[in-house]
Every structure is written in C-alpha cells, then in structure tokens.
Amino acid sequence: MTAKRFHGTHRKELFGISATGRHVWWYGAPFVAFEGDKVKDLWVLGDIHGLIERLKDGASNVAVA
C-alpha cells in the first residue's frame with residue numbers, strides 16, 4: 001500500500017460543482033491486485049470530502065502536515 005497526493009485543475013463539473021478553474025488536490029491510497037504481471041483490479045480510497053470542500057469554497061490548497 002502507498003499513500004498518494006493527487007492533483008489537477010477543476011475544468012469540468014464534478015460532484016455537481018461547476019468548474020472553477022482552480023488547482024485542487026486530494027489524498028488517496030491505491031490498492032492494486034495483480035494476476036501474474038498484469039493489474040487485475042485497482043481501488044482507490046480517497047479523501048473525497050476534503051476535495052469537495054476545496055471545490056466548494058476555495059479553501060486553502062496548502063496541505064497541513
């Protein structure tokens with residue numbers, strides 16, 4: 001398992017929130033299942049609530065450690 005910080009530009013409607021054009025980020029933990037040397041399944045457990053809050057009100061995009 002690994003933790004990742006995903007980021008991107010909010011260019012299209014997401015979760016019912018119109019595009020803002022802002023740079024946003026969220027944390028996620030990808031889980032990968034392999035079959036031989038190929039990826040069989042991929043799941044990502046992500047901080048969707050944090051992402052939605054940043055999309056809604058433009059809260060600081062600076063991560064707090």
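Taking my numbering, the leading residue of the sequence shown gets 1, the next gets one more, and so forth.
Cβ coordinates follow ideal geometry from the N, Cα and C atoms, glycine included.
Item to check | Beta-carbon proximity of Tyr27 to Asp57, cut-off 8 Å | outcome: Not closer than 8 Å, so no.
Next on the checklist: Can you tell me whether Val44 is buried or exposed? The criterion is at least 16 other CB atoms within 10 Å of its CB, across all chains shown.
Outcome noted: Exposed is the call here.
Item to check | Limits of the unbroken beta strand (DSSP E) element including Asp41 | outcome: Per DSSP, the continuous beta strand (DSSP E) segment holding Asp41 begins and ends at Lys38 to Gly46.
Item to check | Residues bridged to Lys4 (per DSSP) | outcome: Paired residues: Gly28.
Next on the checklist: Mapping the DSSP letters down to three states, classify His49 as helix, strand or coil.
Outcome noted: Reduced to three states, the DSSP call for His49 is helix.
Checklist entry - What does DSSP give as the partner residues of Asp9 in its beta bridges? => result Looking at the sequence itself, residue 9 is Thr, so the reference to Asp does not match. In DSSP, Thr9 forms a bridge with His23.
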